[in-house]
Amino acid sequence: MTHDYGEFSFESKDEVLAKAREYWNPGKTDFWVESGVPLVIDRREDYFIYDMSGKRLLDVHLNGGTYNLGHRNPEVAAAVAGAMAHFDIGNHHFPALTRTALAEALVKTAPEGLTKVVYGSGGGEAIDIALKTARHATGRRGIVSIVKAYHGHTGLAVATGDDRFSKFFLSDRPDEFVQVPFNDLDAMEKALSGRDVAAVIMETIPATYGFPLPEPGYLEGVKRLCERTGTFYIADEVQTGLMRTGELWGITKHGITPDILVTGKGLSGGMYPISAVLLAEHAAGWLTEDGFGHISTFGGAELGCIAALKALEVCNRPETRSMVHYISDVVGRGLREIQAELPDWFVGIRQNGVVMGLEFAHPQGAKFVMRHLYDNGVWAIFSTLDPRVLQFKPGILLEPALCEELLDRTAVAIRRAWDEVRGADRHRISA
Ligand SMILES: Cc1ncc(COP(=O)(O)O)c(C=O)c1O
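Numbering (the numbering used here), first residue to last: 33 to 463.
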């Protein structure tokens with residue numbers, strides 16, 4: 033059957049996979065096929081994605097929260113479609129209607145003290161802007177992040193993260209970028225003691241590391257150390273922002289006002305790429321000194337601003353907040369029931385709102401569960417930097433009936449994965 037999409041067509045899914053391998057990315061294409069997840073997303077709607085084969089999947093990967101409000105959220109889609117009659121990307125050199133309106137909306141809903149907004153087109157670019165800003169304002173070069181941090185793959189962001197990605201492209205810079213273990217305040221204190229560090233950058237809950245939760249007082253302790261040493265605290269809220277923890281910004285649950293806050297992914301409801309960096313006044317000097325200090329043609333694209341204005345408004349509704357509390361309560365409780373049945377396999381649940389990491393007793397445990405979930409109609413992804421842990425990220429508007437469906441499907445998949453792992457282990461032992 034020909035799949036005809038107007039501008040292009042394919043004879044079959046096999047043809048897409050073959051051409052993806054040939055023209056796009058052979059490594060990624062092969063990885064997914066070999067992992068038993070040969071997904072080519074075709075139709076997408078609400079919290080569902082459909083493979084080209086027609087297979088329906090309930091999406092709890094959401095690209096790290098990009099589809100927080102569901103795929104093609106009708107309100108966001110309508111806002112962007114309507115805006116296309118008037119706006120395009122715009123000219124990034126000039127003040128703009130939409131950029132100004134979104135900046136005002138972000139500042140008004142941000143933690144106290146964040147007063148200026150700089151735009152990017154993706155999370156990594158926004159992180160680079162945050163790091164450059166901290167360096168400019170402090171006159172220092174050092175950047176401290178945690179081991180297994182993930183802040184993106186652009187020039188500076190990649191140097192804050194795992195060696196797997198930074199060394200690969202010779203982009204590691206150990207002299208300027210220092211990493212300390214998560215939840216270790218002594219190590220952080222040592223790293224900051226030379227007073228030559230511009231910023232500590234922290235995901236409020238480290239996503240790609242599998243959402244290990246900060247110990248009580250840890251982030252607050254980091255902030256105090258920053259204040260004592262004149263170091264900026266950059267909150268990476270790319271995955272924990274936009275109501276996913278039950279507050280618009282996860283960092284406010286810790287009573288912390290960061291010097292810089294970074295948001296992206298779900299900011300524009302998955303309809304148009306945009307990211308934003310919110311700066312405290314004492315960080316924002318460069319915007320006055322040389323407003324052209326950072327330039328990005330697509331940063332703050334006006335259609336993205338329109339999408340973001342709508343997405344932010346939806347996230348901020350009181351009924352959305354109530355939904356998050358309902359979903360996190362129901363799904364959290366259901367997961368604990370599944371865990372109680374299989375305590376030797378399903379060994380941990382990390383949860384803050386709808387930010388969840390499910391921990392399994394096998395070094396690659398989440399990959400087994402991911403594949404059984406896929407077979408059983410749910411799409412959730414393993415944590416790249418700790419594949420024992422499955423990232424489980426329900427949307428913030430997930431209807432009650434879909435919460436139940438998610439739990440039923442997940443219970444089956446977790447049991448099947450356990451059967452497989454036990455079988456595989458028996459096999460390995462006898463081999
Ligand atoms: C916490 C965090 N920060 C930054 C990024 C980088 O965002 P992007 O992929 O849009 O560059 C990501 C991406 O997954 C992320 O999870």
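Note that CB positions come from ideal geometry on N, CA and C, so glycine has one too. Bear in mind that the values here come from a model prediction, so they are computed numbers and not experimental data.
Alpha carbons only, please: which of Tyr99, Lys45 and Glu436 is nearest the one belonging to Lys87?
The residue labelled residue 87 in the question sits at position 55 within the sequence shown. Comparing Cα-Cα distances from Lys87 to each of Tyr99, Lys45 and Glu436, the minimum goes to Lys45.
If we count Cβ pairs, one from each stretch, closer than 8 Å, do we get three or more for the stretch 177-189 versus the stretch 223-241?
Yes: the two stretches touch, three or more of their Cβ pairs being nearer than 8 Å.
Please determine, among Glu54, Ala50, Asp36 and Leu101, the residue with the shortest C-alpha to C-alpha distance to Ile428.
One-based indexing of the sequence shown puts residue 428 at position 396. The option with the nearest alpha carbon to Ile428 is Leu101.
Rounding to the nearest angstrom, what Cα-Cα distance links Gly114 and Leu390 in this structure?
Position 82 of the sequence shown, counted from the first residue, corresponds to residue 114. Position 358 of the sequence shown, counted from the first residue, corresponds to residue 390. Between Gly114 and Leu390, the C-alpha separation is close to 40 Å.
With respect to the alpha helix (DSSP H) encompassing Met402, which residues constitute its N-terminal and C-terminal limits?
On the sequence shown, position 370 is the one that residue 402 refers to. Segment Gly397 to Asp407, the alpha helix (DSSP H) holding Met402.
Quick one: Cα of Glu39 to Cα of Gly336, how far?
For the purposes of this step, residue 39 is identified with residue 7 of the sequence shown, where counting begins at 1. For the purposes of this step, residue 336 is identified with residue 304 of the sequence shown, where counting begins at 1. One C-alpha to the other measures close to 24 Å.
When the Cα of Phe80 is compared with those of Ile446, Glu436 and Gly409, which residue comes out closest?
Counted from its first residue, the sequence shown places residue 80 at position 48. Here the closest residue by C-alpha is Gly409.
Say yes only if the C-beta of Asp194 is nearer than 7 Å to one or more non-hydrogen atoms of ligand 1, and no if none qualify.
Translated into the one-based positions of the sequence shown, residue 194 becomes position 162. Answer for Asp194: no, Cβ out of range of ligand 1.
For a test of your reading of the model: does the CB of Tyr182 fall under 7 Å from any non-hydrogen atom of ligand 1? Yes or no.
Locating residue 182 in the sequence shown gives position 150, counting from the first residue. Indeed, a heavy atom of ligand 1 lies less than 7 Å from the Cβ.
Please classify Thr132 as buried or exposed, where buried requires at least 16 neighbouring CB atoms within 10 angstroms.
Here residue 132 is taken as the residue at index 100 of the sequence shown, counted from 1. Classification of Thr132: exposed, given that the 10 Å Cβ count is below 16.
Taking all protein chains shown into account, decide if Trp56 is buried (16 or more other Cβ within 10 angstroms of its Cβ) or exposed.
Locating residue 56 in the sequence shown gives position 24, where the first residue counts as 1. The residue is exposed, with fewer than 16 neighbouring Cβ atoms inside 10 Å.
CB Thr295 to CB Gly273, shorter than 8 Å?
Counting from one through the sequence shown, the residue named residue 295 turns up at place 263. Counting from one through the sequence shown, the residue named residue 273 turns up at place 241. Their beta carbons are under 8 Å apart, which means Thr295 touches Gly273 by this criterion.
Buried or exposed, going by whether 16 or more other CB atoms sit within 10 Å of the CB of Asn384?
In the sequence shown, counting from the first residue as 1, residue 384 sits at position 352. Buried is the call here.
DSSP three-state call for Asp194: helix, strand or coil?
Position 162 of the sequence shown, counting from 1, holds the residue named residue 194. It is coil, neither helix nor strand.
Closer than 7 Å: is that where the CB of Gly155 sits relative to any heavy atom of ligand 1?
Taking the sequence shown and counting its residues from 1, one reaches residue 155 at position 123. Yes, the Cβ of Gly155 comes within 7 Å of a heavy atom of ligand 1.
Going by beta carbon distance, what residues of the same chain come within less than 8 Å of Ser462, once the five residues before and after it are set aside?
The sequence position of residue 462 within the sequence shown is 430, counting from 1. Residue placement at Ser462 cannot be trusted, given a pLDDT of 41 that sits under 50; what the coordinates show is reported in the next sentence. Taken in chain order, the list of residues that qualify is empty.
Check whether the Cβ of Val270 lies closer than 7 Å to any heavy atom of ligand 1, and answer yes or no.
What you label residue 270 is simply residue 238 of the sequence shown in a count that begins at 1. True, at least one ligand heavy atom lies under 7 Å from that Cβ.
Return the bridge partner residues of Trp411 from the DSSP annotation.
On the sequence shown, residue 411 is found 379 positions in, with the first residue counted as 1. BP columns for Trp411 point to Asp91.
Do Val401 and Ala449 have their C-beta atoms within less than 8 Å of each other?
Translated into positions along the sequence shown, residue 401 becomes position 369. Translated into positions along the sequence shown, residue 449 becomes position 417. Cβ atoms of Val401 and Ala449: closer than 8 Å.
If you reduce the DSSP assignment to three classes, tell me which class Ala463 lands in.
By 1-based counting over the sequence shown, the position of residue 463 is 431. Bear in mind that a pLDDT of 35 at Ala463, under 50, signals an unreliable position, so the model cannot answer this.
Grab the span of the alpha helix (DSSP H) containing Pro189 for me, first residue to last.
Indexing the sequence shown from 1 puts residue 189 at position 157. First, the residue type needs correcting, since residue 189 is Ala and not Pro in the sequence shown. Unbroken run through Ala189: none, as it is neither H nor E.
According to DSSP, is Gly389 helix, strand or coil?
The residue labelled residue 389 in the question sits at position 357 within the sequence shown. Of the three classes helix, strand and coil, the one that applies to Gly389 here is strand, per DSSP.
So what does Lys148 bridge to, in DSSP terms?
Locating residue 148 in the sequence shown gives position 116, counting from the first residue. For Lys148, which the question treats as bridged, DSSP gives the partners Leu311.
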